[in-house]
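Visitor: Quick one: structure below, then a few questions.
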Amino acid sequence: MQALKKVEIILSAPELPKLQRLVEKLGLNYTVFHHATGRGDRGIRADDDLTGVFTNICLLTACKAEQLPALVEVVRPLLKKTGGLCLVSDVLSVIH
Amino acid sequence: MQALKKVEIILSAPELPKLQRLVEKLGLNYTVFHHATGRGDRGIRADDDLTGVFTNICLLTACKAEQLPALVEVVRPLLKKTGGLCLVSDVLSVIH
Amino acid sequence: MQALKKVEIILSAPELPKLQRLVEKLGLNYTVFHHATGRGDRGIRADDDLTGVFTNICLLTACKAEQLPALVEVVRPLLKKTGGLCLVSDVLSVIH
Amino acid sequence: MNFDQLLTNFLSPPILFFLLGLLATLVKSDLELPAPLPKILSLYLLLAIGFKGGVELAHSGLTLQIALTLGVAMIAAVVVPVYTYFVLRLKLDSANAAAIAATYGSISAVTFITAAAFLDATKVPYSGHMVAAMALMESPAIVVGVVLARLAAKRSATPGTDSADAEPVDWGHIGRDAFLNGSVFLLVGSLIVGALTGNRPGAVALVPFTNELFTGVLALFLLDMGIIAARRLGDLRRAGVFLTCFAIIVPLLNAALGLLGAWLLGLSHGDGLLFVILCASASYIAVPAAMRLAIPEANPSLYVTMSLALTFPFNILIGIPLYGAAVAAVFGP
Amino acid sequence: MNFDQLLTNFLSPPILFFLLGLLATLVKSDLELPAPLPKILSLYLLLAIGFKGGVELAHSGLTLQIALTLGVAMIAAVVVPVYTYFVLRLKLDSANAAAIAATYGSISAVTFITAAAFLDATKVPYSGHMVAAMALMESPAIVVGVVLARLAAKRSATPGTDSADAEPVDWGHIGRDAFLNGSVFLLVGSLIVGALTGNRPGAVALVPFTNELFTGVLALFLLDMGIIAARRLGDLRRAGVFLTCFAIIVPLLNAALGLLGAWLLGLSHGDGLLFVILCASASYIAVPAAMRLAIPEANPSLYVTMSLALTFPFNILIGIPLYGAAVAAVFGP
Amino acid sequence: MNFDQLLTNFLSPPILFFLLGLLATLVKSDLELPAPLPKILSLYLLLAIGFKGGVELAHSGLTLQIALTLGVAMIAAVVVPVYTYFVLRLKLDSANAAAIAATYGSISAVTFITAAAFLDATKVPYSGHMVAAMALMESPAIVVGVVLARLAAKRSATPGTDSADAEPVDWGHIGRDAFLNGSVFLLVGSLIVGALTGNRPGAVALVPFTNELFTGVLALFLLDMGIIAARRLGDLRRAGVFLTCFAIIVPLLNAALGLLGAWLLGLSHGDGLLFVILCASASYIAVPAAMRLAIPEANPSLYVTMSLALTFPFNILIGIPLYGAAVAAVFGP
Ligand SMILES: Nc1ncnc2c1ncn2[C@@H]1O[C@H](COP(=O)(O)O)[C@@H](O)[C@H]1O
Ligand SMILES: Nc1ncnc2c1ncn2[C@@H]1O[C@H](COP(=O)(O)O)[C@@H](O)[C@H]1O
Ligand SMILES: Nc1ncnc2c1ncn2[C@@H]1O[C@H](COP(=O)(O)O)[C@@H](O)[C@H]1O
Ligand code: NA
Ligand code: NA
Ligand code: NA
């Protein structure tokens, strides 16, 4: 098993294409969970699903510790602009 | 980055409104993932989607360590009543 | 609270029935999140939803440390065959 | 029950699609209608049947006979959960007994709709106000079930324990679950929309949507019901012999009660069958959704499984022609 | 506005289902249309209205009168967001002012469709090319809004700060959001498909799908709109008095502008009402989706709430018969 | 192929909506049909085409000519994947060769349906039993593909390695994937329901659902297919020149084989075209879903991309009128 950093990024759905582009530029693999709802400092985000404007997504990426700073660098402006959350924790990844 | 506790609460979907009310009363922000299926001591929960009675949700909240006891306090009775899971772990949150 | 291992397994959706069977054989409870998209070494997995062939799922199980090796044992061949990710981390579970 | 009626029922597309769904699960085909399609189809059926019933009510108006029928329907919806509760208490704890009693005291809109399609196919007329009877019969059993469960909990509670008195009964919430849950609200709302607009030209524009698609949507929904019902068959082992028998015999008893009511009311042949099917059917959407919240101690895989995997298929496949024959025997041809 | 017209509007099934949706949320029923059904219904409505308009365009051809109407429509779509922006700047920062201005400068297809259903019910004819006018009026306000926001940001930016100049304006992206977003693209595309095939036999096969289901789908969609609109009513407190008044008064002003335009163009009674409703309506799908990306600093719970919870219900319930009466008064019966 | 037929094909709403979908992706519009709508539309199309075919079979009965046609169809469904496998082995490993061979040996129901719509538009009659031929041609290629892949794996396996013998072949599972996968099961099931009820009055109630909506749903589905196909165009680079040519040339070869078969069988003009299109088309739902499970070593972005992004558009846009002209040339007008 390999020690990695697990990064979970919660953002509003319309930001996803931008986030994906940024993460791919860093050469990272990722998984995205869609249609999340939530409550934050900017109010409630319910999945009314007409505009998709109020839905959240959660992008999960497991990366090497040395890739983390660059990732945080690109995520922070997105969080600043439209809100959200970015959590980092330690994981072991099963090598296959 | 700020050290927080990440709490993941898996409950049956009809309990969500109650859980949201309780978590909001504690002043916590959260994200909810819907339409999860699963298997537990109370059998299989498949998303047959007629009653919504057998679906699970997962509510994720990142809170300060000192907020954790109060949260666990309100979640435990819900878990006792209709089953589920509540996992706590350490995370770092990107400050923005 | 009880110390457990949290295992998150990301696999392509058609493998889910097999994974469920294997996990159930080990006597583990689990929760499944559906319709995840992603990017990995095998390219992009978008949810075009015609064949379901390109969607990911994420199975989450919280198990005892001593159950972990057996779980990793059965998951590794699945990862090898069709790709994916298996992350392990430490959590505390609220006892109810 | 003559063989022809059984055949007419079996050889209608909706019933055959139901059997196809059962078969799909039994042979382990991966056929399924993706969520939320089943819920969408069920919302459509409630909207359409409510609207159609309302339009017919607008044409017929509210007569004494109709008022009487609605009254008897409500009485049935209170009596059935009470008596079944006491039957169930012979073997079950009060929470499960109350939840199952509520399930069988309420109705299944799709069973009703399938019976109406059967009447259409056999060219027997029926009235729009039976939809109003259905709407009135959906909720009372929920309230009755909760009341019975609470009374039992109170009786058994000893001072100092935190089980029954920890959470006071929130009657506003229970009333909302009973009378304002999505299914009931949409059915009643559509009925009122239909009644308000039925005599106006604007209602006609809705007809292709509510009437012409109806049988097709019913067929598709029954396909899914077949799939879901067969999936739950495995849970029957948990239900045990008592509940398995209950799920067949109590509908028959309720059908008999319904037949008596229909005869006392002097209903027409078609309306009689619909009244019988309302009494005989059990809820698998509105009541389980309400029970999950109001009586969380009850085990949903009991009440959902019994209603969905046994009573629903029994009523659809055998009940409808059987009750039809009984109605014909009692009322004359 | 005579009382009869108000009643005709209120007693049509789509409007009643809208009221039913409002009521569902207000009485806390858990009725809801599961995602993605609302989006599917909205895509259907755009496809169907576009196709129908295109078929009628194929029959009528492109006349000078039509070209003039389309021209005036585009002018209105540029003028309205500009003037409302300056009104909004009295109280709001430039980002929010620009986003709201864009919302009110654009149109609501469902309001248009409901007005057309009202004309159908009152047997007033209207032309297919009004759909083309609608399609042309959807996008300009988005561009205007973004331009106004950028100009303001530039003016206020001081050298050395990273706010305005950090991200250069990506006009290709903004143009794409404006003219190629899903709603606009599907409406225009379906219009063109209809125009290309309208005179060929193949188009007829689409009629049951695009025409006969139309009112039913509209009713179902309005049910959902009622639910969503009522949910947003709580957010009105945040919007404050100024924006609440804005959401009612500006549509009235825009309706007056539209009436003037319709009169100058010499439109028919039916086309006149549709032109007025296009001016008076505000977007709640296409523009918010675009604004979220192009002006992320603006608060969506302001512009979505105003448009969805106030302007939309106002136009649907009161605006349509009111503007209809105004058109009748100005144009003669 | 005369120009008029090409135009008739291009100027039909379904084809135009397909082009609109392609365009949407190419100009980077964010238009998309939200999941699970595409799957729902595809289930509807299978149910409707199956039911309609079954009803027509009920009317025509099973003749020797029909039995012969079905037999030849099955032969084609076995021969095509075998010969294409050996062509593909020239450049590919056995797993990918087998998966692609299975894809091209099976059929595409939507291509078939689009061809039927083309025949409707050009007023050429065809028979309901061609749907039965389609149903029979869907599964054999899956079995053939798996057998070929297993044989190759066995041959190449050296004792002591864990590749081929680690997992024994689960033929029950493969048979289920082939003959009971959702698409095949629903098509065959609906065919049987149609055949059983076709001569009974009950079937008529389904007609508005299965027939009148059909073209509209097809148009909407093709809109989505256009969007998806264009998205996959980028993956063609990975496929390389060999597979790109394969995806155009092999359908033409298979069409020629189909033409021969149709001529030997003495099929009518309409049935002939449908038989040709069945041979020429490649699966993009049922087979990929089965291959993902049965031959997980094969790369789905090869077989799905080739079938979806090349063969499907080619057949829809050019193949149908081309094969139509060929059939007309061979069979006489
Ligand atoms: N502490 C938190 N825990 C979990 N989710 C959060 C938290 N804070 C924010 N979120 C999520 O991020 C979204 C945007 O947050 P905000 O920018 O604070 O409005 C919310 O709708 C939540 O889904
Ligand atoms: N150990 C576990 N790991 C992951 N999910 C669990 C676990 N235990 C329970 N769950 C989830 O919680 C739901 C209810 O669990 P239970 O109350 O044990 O029936 C299950 O359907 C699972 O989705
Ligand atoms: N490092 C990672 N972080 C998050 N998700 C991953 C990662 N690697 C792979 N995945 C997920 O696993 C799927 C299959 O990965 P692969 O086998 O690498 O193509 C991808 O589509 C992702 O959803
Ligand atoms: Na009953
Ligand atoms: Na406007
Ligand atoms: Na083929």
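Residue numbers (numbering that gives the first Met the number 0), protein chains in the order written: chain E, 0 to 95; chain G, 0 to 95; chain Y, 0 to 95; chain L, 0 to 332; chain W, 0 to 332; chain F, 0 to 332.
Glycine included, every Cβ here is placed at the ideal spot set by N, Cα and C.
1) Which residues of the stretch 26-47 of chain E have a Cβ closer than 7 Å to any Cβ of chain Y? Give them in chain order.
2) Buried or exposed, going by whether 16 or more other CB atoms sit within 10 Å of the CB of LYS5 (chain Y)?
3) Check the DSSP bridge columns for ASP89 (chain E) and list the partner residues they point to.
4) Tell me whether ILE106 (chain F) is buried or exposed, calling it buried when 16 or more other Cβ atoms sit within 10 Å of its Cβ.
5) Going by beta carbon distance, what residues of the same chain come within less than 6 Å of LEU135 (chain L), once the five residues before and after it are set aside?
6) Would you kindly report the start and end of the unbroken alpha helix (DSSP H) that includes GLY257 (chain L)?
7) Pick out whichever of Y:GLN1, Y:LEU3, Y:GLY26 and Y:LEU58 has its Cα sitting closest to the Cα of ALA12 (chain Y).
8) In whole angstroms, give me the CA-to-CA distance for VAL79 (chain L) and SER126 (chain L).
9) With distances taken from CA atoms, which of G:VAL90, G:LEU86 and G:GLN1 is nearest CYS62 (chain Y)?
10) For ASP169 (chain L), count neighbouring Cβ atoms within 10 angstroms of its own Cβ and tell me buried if that reaches 16, exposed if not.
11) Leaving out five residues on either side along the sequence, give the residues of the same chain with a beta carbon under 8 Å from the beta carbon of GLY60 (chain L).
12) Let me know the secondary structure DSSP gives GLY197 (chain L) once reduced to three states.
13) Output, in sequence order along the chain, the residues in the stretch 2-20 of chain Y whose CB is closer than 7 Å to any CB in chain F.
14) Please name the residue, chosen from F:PHE17, F:ARG231 and F:HIS58, that lies closest to THR113 (chain F) on a Cα-to-Cα basis.
15) When DSSP builds the beta bridges, which residues end up paired with ALA297 (chain F)?
16) What residue does the beta strand (DSSP E) around VAL86 (chain L) start on, and which one ends it?
17) Is the shortest distance between the beta-carbon of LYS90 (chain F) and the beta-carbons of chain Y less than 9 Å?
18) Determine, using beta carbons only, whether ALA69 (chain Y) comes closer than 9 Å to chain G.
19) Which residues, in order along the stretch 10-37 of chain F, keep a beta-carbon less than 7 Å from a beta-carbon of chain Y?
20) Closest to ASP3 (chain F) by CA distance: which of W:VAL249, W:ARG199, W:TYR283 and W:LEU222 is it?
21) Is the CB-CB distance between THR50 (chain G) and VAL303 (chain L) below 9 Å?
22) Helix, strand or coil: which one does DSSP assign to ALA34 (chain W)?
23) Any chance the CB of LEU18 (chain L) is under 8 Å from a heavy atom of ligand 3?
24) If the cut is a Cβ gap below 8 Å, which residues of chain G does LEU91 (chain Y) touch?
25) Got a sec? Which residues, its chain only, sit under 7 Å from LEU335 (chain F) by beta carbon, not counting five neighbours each side?
26) Can you tell me whether GLY318 (chain W) sits near ligand 6, meaning its C-beta is under 8 Å from at least one heavy atom of the ligand?
27) Starting from LEU77 (chain Y), trace the alpha helix (DSSP H) both ways and give me its first and last residue.
28) First and last residue of the alpha helix (DSSP H) that includes ARG175 (chain W)?
29) For the beta strand (DSSP E) that GLY39 (chain E) lies in, which residues bound it at each end?
30) Between which residues of its own chain and ASP40 (chain E) is the CB-CB distance below 8 Å, once the five residues before and five after are set aside?
31) THR7 (chain L) by DSSP, collapsed to three states: which one?
32) 9 Å is my cut-off, CB to CB: does GLY215 (chain F) come that close to chain W?
33) Please write down, chain order preserved, every residue whose beta carbon lies under 5 Å from a heavy atom of ligand 3.
34) Beta carbons nearer than 7 Å to chain F: which residues of the stretch 170-190 of chain W have them?
35) Name the one or two DSSP bridge partners that LEU10 (chain E) has.
36) Looking at the C-beta of GLY127 (chain L), does it have a partner C-beta in chain W at a distance below 9 Å?
Guide: Taking the definition as stated:
1) Here the close residues are ASN28, TYR29, THR30, VAL31, PHE32 and HIS33.
2) Looking up residue 5 (chain Y) in the third sequence gives position 6. Classification for LYS5 (chain Y): buried.
3) As a first step, residue 89 (chain E) must be located in the first sequence, where it is residue number 90. Bridge partners of ASP89 (chain E) according to DSSP: E:LYS4.
4) Here the question's residue 106 (chain F) lines up with position 107 in the sixth sequence. By the C-beta density criterion, ILE106 (chain F) is buried, having at least 16 other C-beta atoms within 10 angstroms.
5) Locating residue 135 (chain L) in the fourth sequence gives position 136, where the first residue counts as 1. Result list for LEU135 (chain L): LEU69, ALA72 and MET73, in chain order.
6) As a working mapping, residue 257 (chain L) is identified with position 258 in the fourth sequence. 235-264 is the span of the alpha helix (DSSP H), which, as asked, contains GLY257 (chain L).
7) By 1-based counting over the third sequence, the position of residue 12 (chain Y) is 13. Comparing Cα-Cα distances from ALA12 (chain Y) to each of Y:GLN1, Y:LEU3, Y:GLY26 and Y:LEU58, the minimum goes to Y:LEU58.
8) As a position in the fourth sequence, residue 79 (chain L) is number 80, starting the count at 1. As a position in the fourth sequence, residue 126 (chain L) is number 127, starting the count at 1. A straight-line Cα-Cα distance of about 24 Å links VAL79 (chain L) and SER126 (chain L).
9) Looking up residue 62 (chain Y) in the third sequence gives position 63. Comparing Cα positions, the closest option is G:LEU86.
10) Along the fourth sequence, one-based indexing puts residue 169 (chain L) at 170. The residue is exposed, with fewer than 16 neighbouring Cβ atoms inside 10 Å.
11) Start at 1 with the first residue of the fourth sequence, and residue 60 (chain L) comes out as number 61. If we look at GLY60 (chain L) and ignore the five residues flanking it on each side, it has no Cβ neighbours.
12) The count along the fourth sequence starts at 1 and reaches residue 197 (chain L) at position 198. If DSSP states are grouped into helix, strand and coil, GLY197 (chain L) belongs with coil.
13) Within the stretch 2-20 of chain Y, the qualifying residues are PRO13.
14) For the purposes of this step, residue 113 (chain F) is taken as residue 114 along the sixth sequence, with counting starting at 1. In terms of CA proximity to THR113 (chain F), F:PHE17 leads the group F:PHE17, F:ARG231 and F:HIS58.
15) Translated into the one-based positions of the sixth sequence, residue 297 (chain F) becomes position 298. According to DSSP, ALA297 (chain F) bridges with nothing at all.
16) Here residue 86 (chain L) is taken as the residue at index 87 of the fourth sequence, counted from 1. Annotation for VAL86 (chain L): no beta strand (DSSP E) segment contains it, though the alpha helix (DSSP H) segment containing it runs 63-88.
17) Counting from 1 along the sixth sequence, the entry for residue 90 (chain F) is found at position 91. It does not; no Cβ of chain Y falls within 9 Å.
18) Counting from one through the third sequence, the residue named residue 69 (chain Y) turns up at place 70. Cβ-Cβ to chain G under 9 Å: no for ALA69 (chain Y).
19) From the stretch 10-37 of chain F, only ALA34, PRO35 and PRO37 have a Cβ closer than 7 Å to chain Y.
20) Looking up residue 3 (chain F) in the sixth sequence gives position 4. Checked all of W:VAL249, W:ARG199, W:TYR283 and W:LEU222; the closest Cα to ASP3 (chain F) is W:ARG199.
21) As a working note, residue 50 (chain G) is residue 51 in the second sequence. As a working note, residue 303 (chain L) is residue 304 in the fourth sequence. In contact: THR50 (chain G) and VAL303 (chain L) (Cβ atoms closer than 9 Å).
22) Numbered from 1 along the fifth sequence, position 35 holds the residue referred to as residue 34 (chain W). ALA34 (chain W) carries a coil assignment under DSSP once its states are collapsed to helix, strand and coil.
23) Numbered from 1 along the fourth sequence, position 19 holds the residue referred to as residue 18 (chain L). Not so, every heavy atom of ligand 3 lies at least 8 Å from the Cβ.
24) For the purposes of this step, residue 91 (chain Y) is taken as the residue at position 92 of the third sequence. Residues of chain G passing the Cβ test: LEU86, VAL87 and SER88.
25) Not covered by the structure: residue 335 (chain F). The range shown for chain F is 0 to 332.
26) For the purposes of this step, residue 318 (chain W) is taken as the residue at position 319 of the fifth sequence. For GLY318 (chain W), the CB stays at least 8 Å from every heavy atom of ligand 6.
27) Along the third sequence, read from residue 1 onward, the residue named residue 77 (chain Y) stands at position 78. Its alpha helix (DSSP H) spans residues 67-81.
28) Taking the fifth sequence and counting its residues from 1, the one referred to as residue 175 (chain W) is at position 176. Here the alpha helix (DSSP H) through ARG175 (chain W) covers 170-178.
29) As a first step, residue 39 (chain E) is located in the first sequence; it is residue number 40 there, counting from the start. DSSP places GLY39 (chain E) inside the beta strand (DSSP E), whose first and last residues are 29-39.
30) Here residue 40 (chain E) corresponds to residue number 41 of the first sequence, with the count starting at 1. Result list for ASP40 (chain E): GLY82, in chain order.
31) One-based indexing of the fourth sequence puts residue 7 (chain L) at position 8. In the structure shown, THR7 (chain L) sits in a helix (DSSP, three-state: H, G or I).
32) Here residue 215 (chain F) is taken as the residue at index 216 of the sixth sequence, counted from 1. It does; some Cβ of chain W falls within 9 Å.
33) Ordered along the chain, residues surrounding ligand 3 are E:ASN28, E:TYR29, E:THR30, E:THR60, E:ALA61, Y:ILE9, Y:GLY37, Y:GLY39, Y:ASP40, Y:ARG41, Y:ARG44, Y:ASN55, Y:GLY82, Y:GLY83 and Y:LEU84 [Cβ under 5 Å from any heavy atom].
34) For the stretch 170-190 of chain W, residues whose beta-carbon sits nearer than 7 Å to a beta-carbon of chain F comprise ARG175, LEU179, ASN180, GLY181, PHE184, LEU185 and GLY188.
35) The sequence position of residue 10 (chain E) within the first sequence is 11, counting from 1. Per DSSP, E:ILE56.
36) Locating residue 127 (chain L) in the fourth sequence gives position 128, counting from the first residue. No, no contact with chain W.
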